[in-house]
C-alpha cells in the first residue's frame, strides 16, 4: 500500500471518484505512466473490523433467513451497489435465501465489503480533469506569508503551487 485516504467514494459510470480518490489520483497516475499496475482498495465499512462485520451480517441473515440475498442488504448497502458486490464476491444467485449461505460465501462477500479492489486502467483527459498536479514546491514557500523562501519579494497563490486540487 502506497497511500491511505479516508472519505466518501462515489461510484460513477466511468469509475470511482470522490475526495479520497482525488487525493490518490496523483500517485495512481504516476504509477500508471511509469509502467506500474496501480489499484485502489475500498473499505466500505472502515468503522468495523472484519470479524465484527461478519457477526453483524451473520446476525442479519439469522433474523430473516428466508429473505433473498439481494433484498437482505437493502438499507445496509446502497441498493445500486448490491448486485455488483455480489457479482464481485462470485455469488451467482442473488435471489438465494440468505440463510442458506455458507460461511465461505459470507466471507467472500465480506472480502469485497472490506477490500473491494479496482484496477486503475486510465484517467480522464485534461479538459475533464478534476485535479491538477505540479507547480512550485510548497517547502520553498513561507506558509504564513506565501513568500518564496528562495527569492525575497516573490509571492505565490493558487494553482501555481504544487498542491493537488
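Numbering (this note's numbering), first residue to last: 318 to 482.
Just so you know, even glycine gets a beta-carbon here, dropped at the ideal spot from N, CA and C.
Open item on the list: Quick check on residue 440: does DSSP put it in helix, strand or coil?
Closed with: Sequence index remark: in the chain shown, residue 440 carries index 123 (1-based). Here residue 440 sits in coil by DSSP.
TODO: Mind reading off the beta-carbon distance from residue 356 to residue 435? Whole number of angstroms is fine, and I expect it under 8 Å.
DONE: Here residue 356 is taken as the residue at index 39 of the chain shown, counted from 1. Here residue 435 is taken as the residue at index 118 of the chain shown, counted from 1. Residue 356 to residue 435, Cβ: 6 Å. Contact.
Open item on the list: Can you give me the C-alpha to C-alpha distance between residue 379 and residue 328, rounded to a whole angstrom?
Closed with: In the chain shown, the residue the question calls residue 379 occupies position 62. In the chain shown, the residue the question calls residue 328 occupies position 11. Going by C-alpha positions, residue 379 is about 30 Å away from residue 328.
Task: Short Cβ contact (8 Å threshold) for residue 422 with residue 385 - done: Here residue 422 is taken as the residue at index 105 of the chain shown, counted from 1. Here residue 385 is taken as the residue at index 68 of the chain shown, counted from 1. Contact annotation: residue 422 and residue 385 have beta-carbon atoms that are not nearer than 8 Å.
Open item on the list: Rounding to the nearest angstrom, what Cα-Cα distance links residue 326 and residue 334 in this structure?
Closed with: Here residue 326 refers to the residue found at position 9 when the chain shown is read from its first residue. Here residue 334 refers to the residue found at position 17 when the chain shown is read from its first residue. Approximately 6 Å, taken between the alpha carbons.
Task: Bridge partner(s) assigned by DSSP for residue 434 - done: As a working note, residue 434 is residue 117 in the chain shown. BP columns for residue 434 point to 358.
- [ ] Check whether the segment 459–469 touches the segment 400–415, taking contact to mean three or more Cβ pairs, one atom from each stretch, closer than 8 Å.
- [x] Too few Cβ pairs lie closer than 8 Å, so no.
Open item on the list: Nearest by alpha-carbon distance to residue 349: which of 438, 478, 464, 475 is it?
Closed with: Stepping through the chain shown from its first residue, residue 349 is reached at position 32. Residue nearest to residue 349 within the set 438, 478, 464, 475 is 438 (criterion: CA-CA distance).
Task: Opposing strand residues paired with residue 458 [DSSP bridges] - done: Counted from its first residue, the chain shown places residue 458 at position 141. Partner(s): 465.
TODO: Go to residue 338, then tell me how far its alpha helix (DSSP H) extends in each direction, as first and last residue.
DONE: Within the chain shown, the letter at position 21 stands for residue 338. Element bounds for residue 338: 336–350.
Open item on the list: I'd like the span of the beta strand (DSSP E) that includes residue 327, first residue to last.
Closed with: Against the chain shown, residue 327 aligns to sequence position 10. Start and end: 327–329.
Task: residue 429 classed as buried or exposed, judged by whether at least 16 other C-beta atoms fall within 10 angstroms - done: For this step, residue 429 is matched to residue 112 along the chain shown. So residue 429 counts as buried.
Open item on the list: Between the alpha carbons of residue 399 and residue 459, how many angstroms are there, rounded?
Closed with: Counting from one through the chain shown, the residue named residue 399 turns up at place 82. Counting from one through the chain shown, the residue named residue 459 turns up at place 142. Each residue's Cα considered, the two are about 48 Å apart.
- [ ] Indicate the three-state DSSP secondary structure (helix, strand or coil) for residue 411 in the structure shown.
- [x] Taking the first residue of the chain shown as 1, we reach residue 411 at position 94. Correct three-state label for residue 411: coil.
Task: Backbone secondary structure at residue 452 - three-state DSSP - done: To locate residue 452, count along the chain shown from 1; it is residue 135. In this structure, DSSP gives residue 452 a state outside helix and strand, which the three-state scheme calls coil.
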